[in-house]
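This report concerns only the one structure given below.
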Amino acid sequence: MKLSKYKKQIFDKVLNCDKKILLPEINDERIVQASKKMQKMGFCVLNLSDFNFDLSFYKECLSNKKFINNWTEEMLDFFLSNSFNRSLLLLNEGKVDCVVGGATMSTANVIRSSIRIVGVKDQWVSSIFLMISNKEDYAYTYSDCGVIPEPNEKQLVSIAYNAALYHRKLTGEEPKLAFLSFSTKGSAEHYKIDRINNALEIFSKKHPDIVHDGELQFDAAIDMKVAKMKKADSILKGQANVFIFPDLYSANISYKITQYLAGFEALGPLLTGLKKPVHDLSRGASVDDIISISSIAALDSI
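For the sequence shown, my numbering gives the first residue as -6, with consecutive numbering after it.
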């Protein structure tokens, strides 16, 4: 497995840290291969066969959850027949330190079960992608590429703050946030631009210590010459490394364009805002992708 400097930084922090990583989708050959490789590397990787299947234990774990009110025994049994749901209960009970799933299920199902069982730390769950250049010498964080379709102002603030924290954690670099738009500093008028600027105002008051600016078009956020041409007197000086997109449509499209046309490695979607570390896998994830996401999950649990 080839390691960029960013992956190496993460691996150096988590190898031999004894954090228990649970990969529940053991029927998928990619998960089997990733588990074997990670165990050889020094990770503590578990699957559900490492735990006794005690249905009464899992039902007891669920007993205080409001969402099961009025459920029949048959409904409970069906819910617990899902290996990912049982894994989240083990995480919630402290039997493991993090869970990584999604190789065989949708992001929507991963998030729904995670919110129900693990719970939300912030008001909202969102996601990021760490985009690593093909030369492996720089990385960007994109958010939110996977969860909230049309975030309101407060959600944009939450998305931006979590993205900044993750960028610092994963890269060791100070985040420089750009709130992106199709307009730069009032060059166009639209209610969606108003929403971005309102979010920017709230963010500035709540997190003045994080370098940020907006609203900016992508070229003005990443290229100093363009920023000057567009008269964007920005503190970012064309050096943004965290990009906050106005909606899920633009974010999801952009990360895939960056991945497939520019050759960047896309690590994610990494879920933010949950009470305990749960991360989602793309259903097209490779063995190396699974190892990378699992190492980030372990880092989250330190």
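Note that beta-carbon positions come from the ideal geometry of N, C-alpha and C, so glycine has one too.
Per DSSP, cross-strand counterpart(s) of Asp206: Looking at the DSSP assignment, Asp206 forms a beta bridge with Ala171.
Under the three-state DSSP convention, the category His272 falls into: His272: strand per DSSP, three-state reduction.
Validate contact between the stretch 71 to 82 and the stretch 121 to 136 using beta carbons, cut 8 Å, 3 pairs: In this structure the stretch 71 to 82 does not touch the stretch 121 to 136; the number of beta carbon pairs closer than 8 Å is below three.
Helix, strand or coil for Thr164 per DSSP? In this structure, Thr164 counts as helix in the three-state DSSP scheme.
Using CA coordinates, which residue listed in Lys147, Phe36, Val111 is at the minimum distance from Cys54? Of Lys147, Phe36, Val111, the residue nearest in Cα terms is Val111.
Please list, in chain order, all residues of the same chain as Ala278 whose beta carbon is under 8 Å from its beta carbon, the five residues on each side excluded. Arg23, Gly95, Ala96, Ile286, listed in sequence order.
Whole angstroms are fine: how far does the CA of Lys0 sit from the CA of Ile228? If I take the Cα positions, the gap works out to 29 Å.
Cα-Cα separation between Met217 and Ala233, rounded to whole angstroms: Rounded to the nearest angstrom, the gap between the Cα atoms of Met217 and Ala233 is 10 Å.
Considering Ile286, what are the terminal residues of the alpha helix (DSSP H) in which it resides? Ile286 -> alpha helix (DSSP H) spans 280 to 293.
Validate contact between the stretch 133 to 150 and the stretch 202 to 214 using beta carbons, cut 8 Å, 3 pairs: Taking 8 Å as the limit for Cβ pairs, the verdict is that the stretch 202 to 214 does not touch the stretch 133 to 150.
Look at Phe236 and Tyr133 and say whether their C-beta atoms are less than 9 Å apart. Result yes, Cβ atoms of Phe236 and Tyr133 sit closer than 9 Å.
So the candidates are Ser176, Thr251, Ala156, Leu264; which of them puts its Cα closest to the Cα of Val204? Selected option, being the one with the closest Cα: Ala156.
Can you list, in chain order, the residues of its chain whose CB lies under 6 Å from that of Leu163, leaving out five sequence neighbours each side? Closer than 6 Å at the Cβ level, and outside the excluded window around Leu163, lie Leu123.
My guess is that Lys52 and Leu69 are in contact by the Cβ rule of under 8 Å, so how many angstroms apart are they, rounded? About 6 Å separates the two Cβ atoms, so the contact holds.
I'd like to know if Leu209 contacts chain D, where contact means its C-beta is closer than 9 Å to some C-beta of that chain. Annotation note: the requested chain D is absent from the structure, which comprises a single protein chain.
Beta-carbon within less than 8 Å of Lys230's beta-carbon, same chain only, minus the 5 sequence neighbours each way: which residues are those? Met217, Ala220, listed in sequence order.
Cβ pair count under 8 Å reaching 3, the stretch 171 to 179 against the stretch 250 to 257: Two segments are said to touch when three or more pairs of C-beta atoms, one from each, lie closer than 8 Å; by this definition the stretch 171 to 179 does not touch the stretch 250 to 257.
Quick one: grab the DSSP three-state call for Cys37. Reduced to three states, the DSSP call for Cys37 is strand.
Kindly indicate which residue of Tyr154, Lys169, His272, Lys185 has the alpha-carbon position closest to the one of Arg105. Comparing C-alpha distances from Arg105 to each of Tyr154, Lys169, His272, Lys185 shows the shortest one belongs to His272.
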